[in-house]
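Below is one structure, written out as structure tokens; the observations come after it.
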Amino acid sequence: MDHVVWHYRNLSVFPEDLASGLKTLDLSHNVIQSLAESFTSKLFSLQHLNLSFNRLDSIKGGALRALPQLQSLILAFNQLHRNYLSNGKALESLPRLKFLDLSANNLDSDMACWYLMNISSLEKLDLSCNKMTKVSAGMFHGTLNLLQISLSNNYITAIEEGAFESLANLRLLNLAINSLHCISKFDLIHLQVLNLSHNSLEFFVSEESDEPHQLQVLDLSHNQLSYFPLLPKVHHIQYLNLSSNAMVALVPSSVNATEPLRTTAWYKEITNLDLPTAIYKRAAGLVKVVHLDLSNNQFSSFPIHFLASLCSLQHLRMARNCLQDLTLMQTSSNLTSSEDMSNTRDRHNLIFKSLRTLELQGNSIQILPRWLFVVMPNLVKIDLSHNNIEPCRWQTTSEIKSLESLDPTDTEDCVTFSSVPNLKELNLRGNGITRLSPYMFNQTPLISLDLSANKGLHIPGRAMMGLELSLQKLSLRENQMDSSEMTIPCLKTLKILDLSDNQLNVLPSNFDCSPLESLDIRNNSLEMSWKSLPASWAANLQTLYISGNLLSCCALSWLKSLQFAKVNVPDLDEAHCVYHDKDGSSPAKVAWDHSSMCPQMGTSGVSEILVIGAIVLLLTVCCGMFIFYLKKRCTHPKVGFRHYSVSSRPGGKRAEGTPLSVI
Numbered sequence: 004m005d006h007v008v009w010h011y012r013n014l015s016v017f018p019e020d021l022a023s024g025l026k027t028l029d030l031s032h033n034v035i036q037s038l039a040e041s042f043t044s045k046l047f048s049l050q051h052l053n054l055s056f057n058r059l060d061s062i063k064g065g066a067l068r069a070l071p072q073l074q075s076l077i078l079a080f081n082q083l084h085r086n087y088l089s090n091g092k093a094l095e096s097l098p099r100l101k102f103l104d105l106s107a108n109n110l111d112s113d114m115a116c117w118y119l120m121n122i123s124s125l126e127k128l129d130l131s132c133n134k135m136t137k138v139s140a141g142m143f144h145g146t147l148n149l150l151q152i153s154l155s156n157n158y159i160t161a162i163e164e165g166a167f168e169s170l171a172n173l174r175l176l177n178l179a180i181n182s183l184h185c186i187s188k189f190d191l192i193h194l195q196v197l198n199l200s201h202n203s204l205e206f207f208v209s210e211e212s213d214e215p216h217q218l219q220v221l222d223l224s225h226n227q228l229s230y231f232p233l234l235p236k237v238h239h240i241q242y243l244n245l246s247s248n249a250m251v252a253l254v255p256s257s258v259n260a261t262e263p264l265r266t267t268a269w270y271k272e273i274t275n276l277d278l279p280t281a282i283y284k285r286a287a288g289l290v291k292v293v294h295l296d297l298s299n300n301q302f303s304s305f306p307i308h309f310l311a312s313l314c315s316l317q318h319l320r321m322a323r324n325c326l327q328d329l330t331l332m333q334t335s336s337n338l339t340s341s342e343d344m345s346n347t348r349d350r351h352n353l354i355f356k357s358l359r360t361l362e363l364q365g366n367s368i369q370i371l372p373r374w375l376f377v378v379m380p381n382l383v384k385i386d387l388s389h390n391n392i393e394p395c396r397w398q399t400t401s402e403i404k405s406l407e408s409l410d411p412t413d414t415e416d417c418v419t420f421s422s423v424p425n426l427k428e429l430n431l432r433g434n435g436i437t438r439l440s441p442y443m444f445n446q447t448p449l450i451s452l453d454l455s456a457n458k459g460l461h462i463p464g465r466a467m468m469g470l471e472l473s474l475q476k477l478s479l480r481e482n483q484m485d486s487s488e489m490t491i492p493c494l495k496t497l498k499i500l501d502l503s504d505n506q507l508n509v510l511p512s513n514f515d516c517s518p519l520e521s522l523d524i525r526n527n528s529l530e531m532s533w534k535s536l537p538a539s540w541a542a543n544l545q546t547l548y549i550s551g552n553l554l555s556c557c558a559l560s561w562l563k564s565l566q567f568a569k570v571n572v573p574d575l576d577e578a579h580c581v582y583h584d585k586d587g588s589s590p591a592k593v594a595w596d597h598s599s600m601c602p603q604m605g606t607s608g609v610s611e612i613l614v615i616g617a618i619v620l621l622l623t624v625c626c627g628m629f630i631f632y633l634k635k636r637c638t639h640p641k642v643g644f645r646h647y648s649v650s651s652r653p654g655g656k657r658a659e660g661t662p663l664s665v666i
């Protein structure tokens with residue numbers, strides 16, 4: 004055996020009876036306090052040792068010297084702030100150590116340095132969840148081959164110049180959840196992943212150098228950035244997260260008095276650059292960005308011109324901002340000299356061919372102009388939930404302009420989603436929509452449509468025309484709709500339907516032609532029966548939610564039949580029904596046995612099955628008798644018939660002089 008796991012055994016000392024050929028040993032979650040040479044002398048083949056979640060505070064010098072093959076050492080959640088001088092010295096005797104985890108050991112910055120004095124083979128280091136306040140310039144001089152460093156969840160307020168520059172192989176650096184206020188001279192050209200989320204950054208400035216940076220992932224979320232960061236001129240950033248900052252605009256405006264002047268002054272003092280011009284020039288290098296997250300900021304306008312250079316952008320998140328109306332025109336309050344220059348480009352040529360997903364939920368958008376689908380022609384998914392979208396009240400197919408004929412300067416006062424050729428997923432949840440317009444989604448191949456949480460929604464005839472052959476998922480939950488407010492066409496591809504939290508007393512018509520696999524009818528006023536349940540559902544239905552309805556305990560044969568057809572009812576234990584009698588109604592759980600309270604139940608459910616079985620049996624017997632009759636007729640001559648043989652030669656030719664059977 005080369006792998007031993009002895010965790011949660013309340014071990015207080017290192018076990019001594021271990022096989023010499025052991026390669027992996029897990030002693031985590033015990034109460035071991037010290038590590039001595041006598042415990043490890045036989046483990047010369049050990050490669051991976053996990054001592055996390057113990058009470059370890061002492062590592063003797065010879066204890067690790069006996070482990071020449073050790074590559075991974077996990078010491079997280081111990082008490083290594085004690086005896087850190089001798090403990091750090093002990094780590095120097097591990098010539099092949101690649102991964103060291105010292106997280107959650109109450110180490111301050113100086114203590115951490117002692118543990119890193121001379122481990123030249125180390126490639127991955129975890130110092131997260133400690134008490135470090137700074138990263139000193141010489142901290143990693145004894146670990147020059149590091150590829151990955153995690154310093155997250157400390158109290159770091161300062162990084163001395165040159166702290167990471169000597170690490171030529173460093174690819175990943177995690178500084179999340181610290182107290183950094185600024186990054187003024189970022190110049191780690193080999194770094195690929197940088198996480199600075201959950202700090203207090205007010206600005207991020209890279210060195211003004213033409214040297215290409217290998218940075219691919221940059222997370223600056225949950226900070227206090229006022230403007231777009233000054234990124235390296237040449238980089239490979241694909242994922243850029245700027246969510247949860249304090250950005251009102253991506254660049255400072257000379258006419259906006261609400262913008263933080265102190266931050267602008269800091270930028271100018273540190274960079275000696277015209278900030279708007281510098282940001283626009285650096286933004287031109289965003290050609291490889293695939294995912295951009297600007298959600299949870301304070302944008303009041305959609306920065307479409309700024310984003311024009313992002314030719315590879317596929318996913319754009321601007322959720323939970325202050326957006327109201329989207330326009331191609333720049334308002335005077337947002338204009339800068341640089342933006343004036345950018346506006347000299349033909350507005351009609353703005354196009355985002357690569358964009359697939361647009362998230363705008365949680366804003367105050369009322370009008371979504373149709374030119375948006377012109378400049379984003381390949382948009383597949385758009386989330387507009389929790390806005391104030393106003394659908395057009397009335398329109399015919401002839402009134403709907405094609406996207407090609409639109410003028411971006413035209414004003415619009417309502418929203419339609421018709422004739423959007425590539426849109427597959429649309430979320431309109433929680434928009435206060437009370438009525439859909441006719442042909443609102445016509446000639447748009449939607450697969451998923453969410454209209455939930457629109458109180459009092461009315462779906463008239465023709466509102467969902469055009470979705471018959473594409474729609475697979477439809478959510479109408481939490482709309483307080485009754486059955487009369489819903490006119491749905493035959494949706495022949497619909498698989499998932501959510502009608503929960505409404506006021507339905509009968510299932511809407513036309514859903515019987517849908518091959519439903521999942522149906523949610525919770526919290527309505529439905530009294531289900533065989534008549535209300537489309538027979539076609541039993542063939543495809545896989546999941547059904549029924550709780551919160553007015554089910555009758557003595558009329559549940561429909562449910563038993565669905566369960567017999569292997570339909571899953573996840574909320575069966577939560578579902579209730581009532582017994583109707585002369586004294587009123589008394590509740591019970593659907594899952595209970597109701598045969599004693601429902602005299603007819605003993606025969607009703609069974610009788611329906613017996614009737615169906617009897618019909619099937621009768622049809623089988625009749626078919627058998629008919630087949631038997633035909634065979635008998637073909638093999639036995641009957642009175643009044645003369646029987647002659649017929650030639651079986653190919654082509655059906657009979658021999659000369661051979662007569663056919665004659666009646």
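For the sequence shown, this note's numbering begins at 4 and goes up steadily by one. A virtual CB, placed ideally from N, CA and C, is assigned to each residue, including glycine. Here the structure is a predicted model, which is why all the values come from computation and not from measurement.
List the endpoints of the continuous beta strand (DSSP E) containing Ile2. In the structure displayed, the chain extends from 4 to 666; residue 2 sits before or after that span and is not available.
Span of the alpha helix (DSSP H) around Cys116: Ser112 to Tyr118
Span of the beta strand (DSSP E) holding Lys127? Membership of Lys127 in the beta strand (DSSP E) is indicated by the continuous run Lys127 to Asp129.
Within the stretch 528–552, ranges of the alpha helix (DSSP H) (whole runs, at least 4 residues): 540–543
What does the alpha-carbon distance come out to for the pair Leu278 and His461? 51 Å
Environment of His216 [buried if 16+ CB atoms lie within 10 Å]: If you draw a 10 Å sphere on the C-beta of His216, you find 16 or more other C-beta atoms in it, and that means buried.
Going residue by residue through the stretch 436–492, where are the continuous beta strand (DSSP E) segments of at least 3 residues, counting only ones entirely within it? 451–453 and 476–478
Could you check how far apart the C-beta atoms of Leu100 and Leu125 are, in whole angstroms? I think they sit under 8 Å. 6 Å
Does DSSP put Val16 in a helix, a strand or coil? DSSP places Val16 in coil when its eight states are reduced to three.
Terminal residues of the continuous alpha helix (DSSP H) containing Thr43? Glu40 to Thr43 is the span of the alpha helix (DSSP H), which, as asked, contains Thr43.
Please report the residue range of the beta strand (DSSP E) in which Tyr87 lies. No beta strand (DSSP E) holds Tyr87; the alpha helix (DSSP H) holding it covers Tyr87 to Leu94.
Along the chain, where does the alpha helix (DSSP H) containing Ile67 start, and where does it finish? The sequence shown places Leu at residue 67, rather than the Ile named in the question. First-last of the alpha helix (DSSP H) with Leu67: Gly64 to Arg68.
Which same chain residues, not among the five before or five after Leu46, have their C-beta less than 8 Å away from its C-beta? Its chain contains Leu21, Ser23, Leu25, Leu28, Ala69 and Leu70 as the residues whose beta carbon lies nearer than 8 Å to that of Leu46, once the 5 sequence neighbours on both sides are disregarded; these appear in chain order.
Buried or exposed (CB count within 10 angstroms, at least 16 for buried), Gly433: Buried.
Does Val377 come out as helix, strand or coil in the three-state DSSP assignment? helix
Could you check the C-alpha separation between Ala179 and Pro537 for me, to the nearest Å? Ala179 and Pro537: Cα-Cα distance of roughly 55 Å.
What residue range is occupied by the uninterrupted beta strand (DSSP E) comprising Phe207? Counting along the chain, the beta strand (DSSP E) containing Phe207 begins and ends at Phe206 to Ser209.
Can you give me the start and stop residues for the alpha helix (DSSP H) that Thr280 sits inside? Its alpha helix (DSSP H) spans residues Leu278 to Ala286.
Whose CA, out of Leu472, Leu49 and Glu168, lies closest to the CA of Phe444? Leu472
Applying the criterion that 16 or more other CB atoms from any shown protein chain within 10 Å of the CB defines a buried residue, is Ser422 buried or exposed? buried
Return helix, strand or coil for Leu218, following the three-state DSSP convention. coil
Which word fits Asp416, buried or exposed, when buried means at least 16 other C-beta atoms lie within 10 angstroms of its C-beta? exposed
Is Phe309 near the ligand FMN, in the sense that its beta carbon is under 7 Å from a heavy atom of that ligand? The ligand FMN is absent from the structure shown, which contains no ligands of any kind.
Would you kindly report the start and end of the unbroken alpha helix (DSSP H) that includes Lys563? It spans Ser560 to Phe567 - the alpha helix (DSSP H) in which Lys563 sits, taken as one unbroken run.
Just to confirm before moving on: does the CB-CB distance between Leu83 and Leu105 stay below 8 Å? yes
Where the beta strand (DSSP E) through Phe102 begins and ends: Segment Phe102 to Asp104, the beta strand (DSSP E) holding Phe102.
Do Asn425 and Leu474 come within 8 Å of each other at the CB atom, strictly closer than that value? no
Rounded straight-line distance, which links the Cα of Ala115 to that of Arg85: Whole-angstrom Cα-Cα distance: 12 Å.
Where Phe514 sits in the DSSP three-state scheme: DSSP places Phe514 in helix when its eight states are reduced to three.
CB contact flag (Met468, Ile491, <8 Å): no
Which residues does DSSP list as the beta-bridge partners of Pro590? Val581
Please report the straight-line C-alpha distance between Thr136 and Leu326, rounded to a whole angstrom. Going from the Cα of Thr136 to the Cα of Leu326 covers about 39 Å.
By a C-beta neighbour count over all protein chains shown, 10 Å radius and 16 as the cutoff for buried, is Cys493 buried or exposed? exposed
Tell me the DSSP secondary structure of Ala161 in three-state form. It is a strand residue.
Report buried or exposed for Arg12, applying the criterion of at least 16 other Cβ atoms within 10 angstroms of its Cβ. exposed
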